[in-house]
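The structure appears right after this line, and notes come after that.
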Amino acid sequence: MLFVSPRIRRLIDMAIDEDEVGFDVASAVFFEGESVTARLVAKERLRLAGLPMVTAVFERVDPSVTWSFDFEDGQAVDVGGVIGRAEGPAISILRAERVALNFLQRMSGIATKTARYVEALGDSKTRILDTRKTLPGYRELDKYSVRCGGGANHRFNLSGGVMIKDNHIAAAGGSIAEAVRRARERAPLTVKIEVEVTNFDELDRALDAGADVIMLDNMATDEMVEAIARVREHSGERVAVEASGNITLERLPELAGIGLDYISSGALTHSIEAADISLKF
């Protein structure tokens, strides 16, 4: 369940202010004094995410509007499925409608895309991860939506783990060992150190340096197979292996059975299509 944190409530307030919901002339002209029942309807098959945002938006606009839902976040909804029903003043429902739908459609779009990625892996033990390529201000919502789709979260922010990439290695004189040593010296004991590698030489040096996670960046599938074998021979299951870069839905079936622990994809959150959901009286 999504916790609607103070950060998210500020986001809701900003969206309501942006839409100037108190100046909806059309609704005031045509629906003054009317109470109605409205339905949220899925216009495509989707994976649901964002229902707590719907109720939070309507509570902010008019607490007298009540909601009941036939589904929960994380569930699949078929075309034409009635997600939920609202009862209350027509003007209030129309004022809150677009703000609520903007959250719900984006979040369900992310969950739906993630579910497709997860399904493409079949019975594989490999987990799909998101990245920090999220819409500014929406990270809690974007990453929650990934979980609703069956995916898992990579680090939430820069404090969630140490990621050593080419710029960090260059700053350490080109030495992966030195980069890992410096990071290990400063990082808290509970924080894992991940090293991005692009070839087998970098991989061997990262393993010798004691990396906790190896990220295989933009490698071909046959290269990944060899890289995973090297990791297991060197470190057994202690070191996790993640693939990233050039990850597409079409490529996932061929990666499902090669032994990866994780596959991360920024496309889960930075290149999404909003789910098609409408609200009807």
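All the letters of the sequence shown, read from the start, carry residue numbers 292 to 572 under the numbering used here.
C-beta: ideal position from N, C-alpha, C; glycine also.
Practice task
Out of R351, T417, V327, I374, state which residue places its alpha-carbon closest to the alpha-carbon of I382.
Solution key: Taking the first residue of the sequence shown as 1, we reach residue 382 at position 91. When only C-alpha atoms are compared, the closest one is V327.
Handout entry: Residues of its chain near G379, where Cβ-Cβ distance is below 7 Å and the 5 sequence neighbours each way are ignored
Key = Working through the sequence shown from its first residue, we reach residue 379 at position 88. The residues are S326, D353, S355, V356, T357.
Exercise for the section: Take the Cβ of D421 as the centre, count every other Cβ of all protein chains shown within 10 Å, and call the residue buried at 16 or more, exposed below. Expected result: Here residue 421 is taken as the residue at index 130 of the sequence shown, counted from 1. Label assigned to D421: buried.
Handout entry: Nonlocal neighbours in the same chain, by C-beta distance under 6 Å from A566, ignoring five residues either side
Key = On the sequence shown, position 275 is the one that residue 566 refers to. L337, Q396, S399, G400, T403.
Handout entry: Closest residue to D513 among R542, E487, P427 (Cα-Cα distance)
Key = Within the sequence shown, the letter at position 222 stands for residue 513. Nearest C-alpha to D513: R542.
Practice task
Could you spell out the range, first to last residue, of the alpha helix (DSSP H) harbouring T573?
Solution key: As displayed, the chain neither begins before 292 nor continues past 572, which places residue 573 out of reach and without an answer.
Handout entry: Rounded straight-line distance, which links the Cα of S466 to that of G341
Key = Looking up residue 341 in the sequence shown gives position 50. Looking up residue 466 in the sequence shown gives position 175. A straight-line Cα-Cα distance of about 45 Å links G341 and S466.
Practice task
Provide the residue(s) that pair with A443 in DSSP beta bridges, ordered along the chain.
Solution key: Residue numbering aside, residue 443 sits at position 152 when the sequence shown is read from its first letter. Bridge pairing for A443: L420 [DSSP].
Handout entry: Close-in-space but distant-in-sequence residues of the same chain around E388 (CB under 7 Å, 5 per side omitted)
Key = Locating residue 388 in the sequence shown gives position 97, where the first residue counts as 1. The answer, listed in chain order, is L570.
Exercise for the section: Alpha carbon to alpha carbon, how far is E311 from S415? Give it in angstroms, no decimals. Expected result: On the sequence shown, position 124 is the one that residue 415 refers to. On the sequence shown, position 20 is the one that residue 311 refers to. Approximately 48 Å, taken between the alpha carbons.
Exercise for the section: Could you work out which residue in I554, E485, R376 is closest to L540 when comparing CA atoms only? Expected result: Position 249 of the sequence shown, counting from 1, holds the residue named residue 540. Among I554, E485, R376, the Cα nearest to that of L540 belongs to I554.
Handout entry: Cβ-based burial, R300 [other Cβ within 10 Å; buried from 16]
Key = For the purposes of this step, residue 300 is taken as residue 9 along the sequence shown, with counting starting at 1. Exposed: under 16 other Cβ atoms inside 10 Å.
Exercise for the section: Check whether the segment 475–483 touches the segment 506–525, counting contact only when three or more Cβ pairs, one atom from each stretch, lie closer than 8 Å. Expected result: Contact between the segment 475–483 and the segment 506–525 is absent, because fewer than three Cβ pairs lie under 8 Å.
Practice task
Decide if K334 is buried, meaning its Cβ has at least 16 other Cβ atoms within 10 Å, or exposed.
Solution key: Against the sequence shown, residue 334 aligns to sequence position 43. Exposed.
Practice task
Using 7 Å as the cut-off, classify the Cβ of G379 as near or not near the heavy atoms of the ligand SAM, replying yes or no.
Solution key: Summarising the ligand content, the structure contains no ligands, and the ligand SAM is consequently not present.
Problem - Burial state of A518, where buried means 16 or more other Cβ atoms lie within 10 Å - result: As a working note, residue 518 is residue 227 in the sequence shown. It is buried - the Cβ of A518 has at least 16 other Cβ atoms within 10 Å.
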